[in-house]
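Reading through the structure tokens given below for one structure.
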């Protein structure tokens with residue numbers, strides 16, 4: 001059925017009483033609800049409710065910047081789900097970005113984690129004073145553009161480690177992080193760490209076990225690690241899905257009984273036709 005033009009007019013008319021707009025907000029028709037959320041006379045609690053569904057239309061409401069001007073803490077009154085949707089919009093106005101500074105930490109964390117948050121907002125969160133917010137940023141793939149800046153501004157171990165283990169971290173940053181002994185293990189288990197970097201990290205006895213387990217570790221390096229004096233490293237080689245048949249068979253004769261048993265189990269699992 002076509003939408004009644006009178007109802008459309010009521011939903012969009014700034015002179016429509018707030019209570020009537022409240023009723024129209026429950027209308028099943030999407031177009032009517034969109035008009036209501038853009039109406040400056042709509043009660044604020046209705047705006048916040050509809051804003052989760054229609055964040056773009058909420059930002060188009062001329063009353064919104066006035067509300068922020070009147071109340072510097074307004075952002076604390078907006079439901080978290082609505083705020084998350086608002087900050088997904090790439091053209092979020094300055095007053096909204098400034099309002100984010102007043103948001104609760106848990107709200108900022110949720111926005112920083114949201115993979116749909118606008119890139120501009122993520123850029124502003126890089127310099128967020130709350131460490132809880134900065135810690136979750138590296139896990140958001142959309143913040144990738146700012147990871148170098150994040151690393152420069154925030155030398156905390158937790159951020160370096162998060163970047164080191166993130167499969168989306170670019171190679172140049174992994175190479176930079178590899179100079180840090182505290183995060184080499186995280187790089188060694190990263191499934192996207194390139195072979196040349198794994199070969200370099202294999203010189204560090206403290207991370208060889210992690211390299212032995214990395215599914216990206218090449219065969220020639222696994223063969224070398226299978227001869228490592230550390231039984232924990234050799235055990236790790238038996239667990240790697242890339243370890244070739246001949247290497248597993250050689251580990252069946254390992255001097256350590258646990259390594260021998262692990263190699264035997266993996267041979268039966270992966271090469272059952274030879275059993």
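Numbering (UniProt numbering), first residue to last: 1 to 275.
Glycine included, every Cβ here is placed at the ideal spot set by N, Cα and C.
Pairing residue 152 with residue 45, the inter-Cα distance amounts to about 41 Å. Residue 101 has its alpha-carbon roughly 42 Å from the corresponding atom of residue 215. Just so you know, the alpha carbons of residue 104 and residue 43 end up roughly 23 Å apart.
Of the other Cβ atoms in all chains shown, 16 or more fall within 10 Å of the Cβ of residue 254; this residue is therefore buried. Each residue's CA atom was taken as its position, placing residue 161 and residue 60 some 41 Å apart. About 11 Å separates the CB atoms of residue 112 and residue 146; that is not less than 8 Å, and the two are not in contact. Just measuring C-alpha positions, the residue of 80, 81, 106 and 58 sitting nearest residue 93 is 58.
In the three-state reduction of the DSSP assignment, residue 247 falls in the helix class.
Annotation for residue 23: the continuous alpha helix (DSSP H) segment containing it runs 18-24. Runs of the alpha helix (DSSP H) lying entirely within the segment 122-168 and spanning at least 4 residues, in chain order: 131-136, 147-153 and 157-165. Bounds of any alpha helix (DSSP H) do not take in residue 207, whose DSSP letter is neither H nor E.
The C-alpha of residue 267 lies about 15 Å from the C-alpha of residue 257.
In the assembly as shown, residue 234 is a buried residue. Its beta-carbon has 16 or more other beta-carbons within 10 Å. Exclusion of the five residues before and after residue 166 leaves 138, 139 and 190 as the residues of its chain whose Cβ lies within less than 8 Å of its Cβ. Taking a 10 Å sphere around the C-beta of residue 5, we find fewer than 16 other C-beta atoms and assign the residue as exposed. The alpha-carbon of residue 62 is positioned some 35 Å away from that of residue 150. Contact between residue 125 and residue 108 holds: their C-beta atoms lie close to 7 Å from each other, under 8 Å. Around the beta carbon of residue 83, a 10 Å sphere encloses 16 or more other beta carbons of the protein chains shown; the residue is thus reported as buried.
Counting of Cβ neighbours within 10 angstroms places residue 91 among the exposed residues, the total staying below 16. Distance from the CA atom of residue 30 to the CA atom of residue 114, rounded to whole angstroms, is 25 Å.
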